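Numbering (UniProt numbering), first residue to last: 1 to 117. Just below is one structure, and these are the notes that go with it.
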Amino acid sequence: MPISWEQVVVDADDPHRLARWWAEALGYVIVHQAPDEVEIRRSPGELPGLLFGASPDPKTVKNRLHLDLRPEDQEAEVERLVDMGARHVDIGQGDVPWVVLADPEGNEFCVLAAKRQ
1 MPISWEQVVV DADDPHRLAR WWAEALGYVI VHQAPDEVEI RRSPGELPGL
51 LFGASPDPKT VKNRLHLDLR PEDQEAEVER LVDMGARHVD IGQGDVPWVV
101 LADPEGNEFC VLAAKRQ
């Protein structure tokens, strides 16, 4: 029986605001909106999506699952994301070649260095 990966669900205090932030960050489009959830995808028919759902529970600890982004220019991308409202966070990563940021609701993600050819 075939199975497909539909989406990653992100709990959010304000799913509409956070979905718009991630859509801008990733160059994705909003494909579904309801009062308590918003889904974004690279394009409407392309999976997987990111579904931001309303949650009354505050974020209290480091995420156990996070996104790794690999831009062509790490430094420029980190600057762009910080200008959009991301912030640098220390989760104990030490001296590593990636940069750990958090989105406006505190969800950690990594910006990797460009792939070596």
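Beta carbons are placed, not taken as given, at the ideal position from N, Cα and C, and that holds for glycine. Just so you know, these numbers come straight off a predicted model, no measurement behind them.
>> If I measure Cβ to Cβ from A12 and keep anything under 8 angstroms in the same chain, skipping five residues before and after, which residues do I get?
In response: Excluding sequence neighbours, A12 sits near L18, A19, F52, G53, A54, S55, E105.
> Looking at V96 and E108, is the spacing between their C-beta atoms short of 7 angstroms?
Replying inline: No, Cβ-Cβ distance for E108 and V96 is not below 7 angstroms.
>> Starting from V61, trace the alpha helix (DSSP H) in both directions and tell me its first and last residue.
In response: Counting along the chain, V61 falls outside any alpha helix (DSSP H), and DSSP gives it neither H nor E.
> Between the Cα of V61 and the Cα atoms of R116, W5, I91, V29, which residue gives the shortest distance?
Replying inline: Nearest C-alpha to V61 among R116, W5, I91, V29: I91.
> Beta carbon of A102, beta carbon of R87: below 7 angstroms?
Replying inline: Taking a C-beta distance under 7 angstroms as the contact criterion, A102 and R87 qualify as a contact pair.
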